[in-house]
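*Asks:* What follows is a structure written as structure tokens; I'll ask about it next.
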Amino acid sequence: MKPNKGNGALFPDEQLVEVEGVPALAYYRAGLAEKPLALFLTGGGVLGRIAYGHPEGDRNDFIDHWLDAADWGLAAFSYPCDHPVFSSLILDLQLEEWARIQATLTAKALRGQAGRAIVALGWSMGGRMVFALARELRKLGLHLTCFVSLCGTPPFPRLTREETPPERLLPNGLWDLASGKRDGTDRDERWLAELAATARGEGRSVITPLAFAKFYRTNVPRGLWGPELEPYFENEPPQDRVQTLHAAGSFSGEDYPICAAIVPLDRSDFRHALTDGVVWGEITAKGLVHNRLSAVAISALSEDGWRSLRETVIGAPQRLTRYISGGHFFFVGSTGAQNTIKYLSELYDEVVRLEEAIEGI
Numbered sequence: 001m002k003p004n005k006g007n008g009a010l011f012p013d014e015q016l017v018e019v020e021g022v023p024a025l026a027y028y029r030a031g032l033a034e035k036p037l038a039l040f041l042t043g044g045g046v047l048g049r050i051a052y053g054h055p056e057g058d059r060n061d062f063i064d065h066w067l068d069a070a071d072w073g074l075a076a077f078s079y080p081c082d083h084p085v086f087s088s089l090i091l092d093l094q095l096e097e098w099a100r101i102q103a104t105l106t107a108k109a110l111r112g113q114a115g116r117a118i119v120a121l122g123w124s125m126g127g128r129m130v131f132a133l134a135r136e137l138r139k140l141g142l143h144l145t146c147f148v149s150l151c152g153t154p155p156f157p158r159l160t161r162e163e164t165p166p167e168r169l170l171p172n173g174l175w176d177l178a179s180g181k182r183d184g185t186d187r188d189e190r191w192l193a194e195l196a197a198t199a200r201g202e203g204r205s206v207i208t209p210l211a212f213a214k215f216y217r218t219n220v221p222r223g224l225w226g227p228e229l230e231p232y233f234e235n236e237p238p239q240d241r242v243q244t245l246h247a248a249g250s251f252s253g254e255d256y257p258i259c260a261a262i263v264p265l266d267r268s269d270f271r272h273a274l275t276d277g278v279v280w281g282e283i284t285a286k287g288l289v290h291n292r293l294s295a296v297a298i299s300a301l302s303e304d305g306w307r308s309l310r311e312t313v314i315g316a317p318q319r320l321t322r323y324i325s326g327g328h329f330f331f332v333g334s335t336g337a338q339n340t341i342k343y344l345s346e347l348y349d350e351v352v353r354l355e356e357a358i359e360g361i
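Mapping of the sequence shown onto UniProt numbering: position 167 corresponds to residue 167, and the numbering continues sequentially without gaps.
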């Protein structure tokens, strides 16, 4: 692992590092060793800075401030992209490789703290990383305590056929995040509208359009979206999709961690608002059944024990879900950031109780 020199200015506590020849923008604040480390998995088109903010911003508007107040640590790693902070593009970076790099950087940060709880916070496209991340952390002797969705996109392929792929690539080969239109608007329009709504709620600016474009916005190596059954990008190179999906283990259950969700209430992000609690709850239940519960142990339970186990597993998705005002950027702005970490702390406590109940079987 070595430093990497890019062209853009680094923020305080940021580093450009290189792992396996791949550069990454790294931010790490240790927190207390007895408290969890939050590992922020950023979404498509936005650097991980969205978790800790820019120097001209108000720290209260970002979750790092409230994690710090709760004595949690934070690690946030941004993939190589066309933002000026990077000096070169890595066009063929794949999801599995990026998961391995983030796991490696996390292991380095936690040297001497192998037993520390790791809580991954997956925002938007960051949710597609969860199975690969759990797998790569395990290879390094680390355990992903739980995953918390912040409007996280689950790591499953789409099951719809479309006449043309929904996304396109830029001439430089990166995923053109500005191209995707949904419900009549493009991503930049929706994102700026959300940040404007946050500013109105706070009664002041949080991230101006200029700051968003300069410090946060970027385009993405297409492989970070992960495997699909059908082409996702126009003119993308051919691939063995069945083999790729098999290698990803999307439906195996083997790398399904306990998952929680902080779900937006605003209709501007209605897909996540209506589905996140169910989708991530299903992964939790399937992961527990596949990895933690055996037929032998269950057959040995008393009737009261079986009833208690049923209530624990069936009720877990509801106990591991919280609802919050806002849309796709609900965790930005002082109110949203503070409430996000309040709910995160509650969800972590729920995960600990769930683990204790399962271990008691």
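C-beta: ideal position from N, C-alpha, C; glycine also.
Since the structure is predicted, the reported quantities are computational estimates derived from the model, not experimental observations.
In chain order, what residues of the same chain lie with their CB nearer than 7 Å to the CB of residue 82, ignoring the 5 residues before and after it?
*Replies:* Answer for residue 82: 89, 172, 174, 218, 219, listed in chain order.
*Asks:* Select from 62, 46, 105, 47 the residue whose C-alpha is nearest the C-alpha of residue 75.
*Replies:* Nearest of 62, 46, 105, 47 to residue 75, Cα basis: 105.
*Asks:* Would you kindly report the start and end of the unbroken beta strand (DSSP E) that includes residue 262?
*Replies:* Residue 262 -> beta strand (DSSP E) spans 259–264.
*Asks:* Does the distance from the CB of residue 285 to the CB of residue 313 come in under 8 Å?
*Replies:* Yes. Within cutoff.
*Asks:* Can you tell which of 304, 128, 77 has the C-alpha that lies nearest to the C-alpha of residue 103?
*Replies:* Cα-wise, what sits closest to residue 103 is 77.
*Asks:* Can you give me the start and stop residues for the alpha helix (DSSP H) that residue 321 sits inside?
*Replies:* Not the alpha helix (DSSP H): residue 321 falls in the beta strand (DSSP E), residues 321–324.
*Asks:* Taking buried to mean at least 16 other C-beta atoms within 10 Å of its own C-beta, is residue 272 buried or exposed?
*Replies:* Classification of residue 272: buried, given that the 10 Å Cβ count is 16 or more.
*Asks:* What does DSSP give as the partner residue(s) for residue 175 in the beta ladder?
*Replies:* 169, 220, per the DSSP bridge assignment.
*Asks:* With distances taken from CA atoms, which of 310, 49, 246, 207 is nearest residue 132?
*Replies:* Residue 246 is the option with its Cα nearest to residue 132.
*Asks:* Let me make sure I understand the geometry here. Which of 203, 270, 251, 127 has the alpha-carbon closest to that of residue 43?
*Replies:* Nearest of 203, 270, 251, 127 to residue 43, Cα basis: 127.
*Asks:* To which residues of the same chain is residue 114 closer than 7 Å at the C-beta, ignoring the five residues directly before and after it?
*Replies:* Excluding sequence neighbours, residue 114 sits near 141, 142.
*Asks:* Which one of 139, 223, 325 has the shortest CA to CA distance from residue 168?
*Replies:* Closest option to residue 168, Cα to Cα, is 223.
*Asks:* Please report how far the alpha carbon of residue 134 lies from the alpha carbon of residue 55, in whole angstroms.
*Replies:* If I take the Cα positions, the gap works out to 32 Å.
*Asks:* Using the Cβ count rule (16 or more neighbours within 10 Å means buried), how would you classify residue 10?
*Replies:* It is exposed - the Cβ of residue 10 has fewer than 16 other Cβ atoms within 10 Å.
*Asks:* Do residue 61 and residue 53 come within 8 Å of each other at the CB atom, strictly closer than that value?
*Replies:* Cβ atoms of residue 53 and residue 61: closer than 8 Å.
*Asks:* So if DSSP puts residue 123 in a beta bridge, which residue, or which two residues, is it bridged to?
*Replies:* BP columns for residue 123 point to 150.
*Asks:* Hey, residue 79 and residue 221 are a contact pair by Cβ (cut 8 Å); roughly how many whole angstroms apart?
*Replies:* Between residue 221 and residue 79 the Cβ distance is about 6 Å, and since that is below 8 Å, they are a contact.
*Asks:* Determine which residues share a DSSP beta bridge with residue 118 and list them.
*Replies:* DSSP lists 37, 144 as partners of residue 118.
*Asks:* Given a cut-off of 8 Å on the beta-carbon distance, is the pair residue 206 and residue 332 in contact?
*Replies:* Contact flag set, yes.
*Asks:* Note down the Cα distance separating residue 147 from residue 39, rounded to an integer number of angstroms.
*Replies:* If I take the Cα positions, the gap works out to 9 Å.
*Asks:* At the level of alpha carbons, what is the spacing between residue 253 and residue 203?
*Replies:* Cα to Cα, residue 253 sits roughly 45 Å from residue 203.
*Asks:* Using DSSP's beta-bridge definition, name the partner residues of residue 46.
*Replies:* Per DSSP, 217.
*Asks:* Sort out for me which residues DSSP pairs residue 29 with in a bridge.
*Replies:* In DSSP, residue 29 forms a bridge with 74.
*Asks:* So what does residue 131 bridge to, in DSSP terms?
*Replies:* None, per the DSSP bridge assignment.
*Asks:* To which residues of the same chain is residue 66 closer than 6 Å at the C-beta, ignoring the five residues directly before and after it?
*Replies:* Excluding sequence neighbours, residue 66 sits near 337, 338, 341.
*Asks:* With DSSP run on the structure shown, which of helix, strand or coil describes residue 349?
*Replies:* Reduced to three states, the DSSP call for residue 349 is helix.
*Asks:* Should residue 95 be labelled buried (16 or more other beta-carbon atoms within 10 Å of its own) or exposed?
*Replies:* Buried is the call here.
*Asks:* Please report how far the alpha carbon of residue 109 lies from the alpha carbon of residue 201, in whole angstroms.
*Replies:* Spanning the two alpha carbons is a distance of roughly 36 Å.
*Asks:* By alpha-carbon positions, which one of 118, 19, 101 ends up nearest to residue 32?
*Replies:* Nearest C-alpha to residue 32: 118.
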